[in-house]
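**Student:**
In the UniProt record's numbering, the protein residues as written are 1 to 201.
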């Protein structure tokens with residue numbers, strides 16, 4: 001499937017068995033679904049959807065044993081800033097947090113956790129958020145059920161109160177969290193290093 005107009009995301013056949021540390025810090029083994037992200041004229045990037053044996057799940061840009069040559073900001077994203085996938089509290093389905101990446105002055109990828117919906121739309125792209133939420137059963141909402149949080153309305157994005165956003169999706173939907181991870185974590189770094197045009201194609 002195409003991501004923006006310049007990237008192609010493909011699910012690999014089979015699964016990769018690996019060991020490591022879960023988001024909660026527990027040593028475990030995982031069965032990873034591997035997705036290839038192709039950037040024209042650049043090394044192929046691999047996103048792992050790790051299904052840990054203890055029940056946890058996360059997404060990460062996989063760090064191979066031999067790294068191809070690439071700018072340090074992208075190299076530093078490999079194996080870092082993973083996105084946890086968790087059950088949606090009090091409802092059916094799963095959620096992945098919407099924490100967009102930026103690159104700091106030391107050329108290290110970092111994440112923004114709390115943004116107004118307008119700021120989030122400016123960073124990720126309103127059209128991207130609308131495309132993701134147009135998928136069946138997918139919504140963008142406040143991550144936590146707390147009083148006095150503004151509505152997340154992509155037709156009228158609020159710019160008054162920063163909050164943590166999350167993408168909610170059905171359990172059987174394996175594509176949406178990976179697409180979200182690519183848009184929120186990988187694309188900002190690709191733009192920063194010039195591997196993707198500023199307007200995202």
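We put the CB at the ideal spot given by N, CA and C, even for glycine.
#1: With a cut-off of 8 Å, do at least 3 Cβ pairs link the region 3-13 to the region 32-44?
#2: Are three or more beta carbon pairs between the region 135-144 and the region 171-191 nearer than 8 Å?
#3: So if DSSP puts residue 195 in a beta bridge, which residue, or which two residues, is it bridged to?
#4: So, with DSSP's three-state summary, where would you put residue 201?
#5: Would you mind sorting residue 130 into buried or exposed? The rule is 16 or more other CB atoms within 10 Å of its CB.
#6: In chain order, what residues of the same chain have a beta carbon less than 7 Å from the beta carbon of residue 87, not counting five sequence neighbours either side?
#7: I need the DSSP call for residue 114, collapsed to helix, strand or coil.
#8: Could you say which of 104, 31 and 21 lies nearest to residue 14 if we only look at CA atoms?
#9: Return the bridge partner residues of residue 139 from the DSSP annotation.
**Tutor:** So, from the data block:
#1: yes
#2: yes
#3: One-based indexing of the chain shown puts residue 195 at position 195. Per DSSP, none; premise fails for residue 195.
#4: Locating residue 201 in the chain shown gives position 201, where the first residue counts as 1. Residue placement at residue 201 cannot be trusted, given a pLDDT of 49 that sits under 50; what the coordinates show is reported in the next sentence. Residue 201 falls in the coil class under three-state DSSP.
#5: Within the chain shown, residue 130 is the residue found at index 130, counting from 1. Classification of residue 130: exposed, given that the 10 Å Cβ count is below 16.
#6: Here residue 87 is taken as the residue at index 87 of the chain shown, counted from 1. Counting only Cβ-Cβ distances below 7 Å, and skipping sequence neighbours, we find 94.
#7: Locating residue 114 in the chain shown gives position 114, where the first residue counts as 1. Here residue 114 sits in coil by DSSP.
#8: Counting from one through the chain shown, the residue named residue 14 turns up at place 14. Considering only alpha carbons, the answer is 31.
#9: Start at 1 with the first residue of the chain shown, and residue 139 comes out as number 139. DSSP output for residue 139 lists 168 as bridge partner(s).
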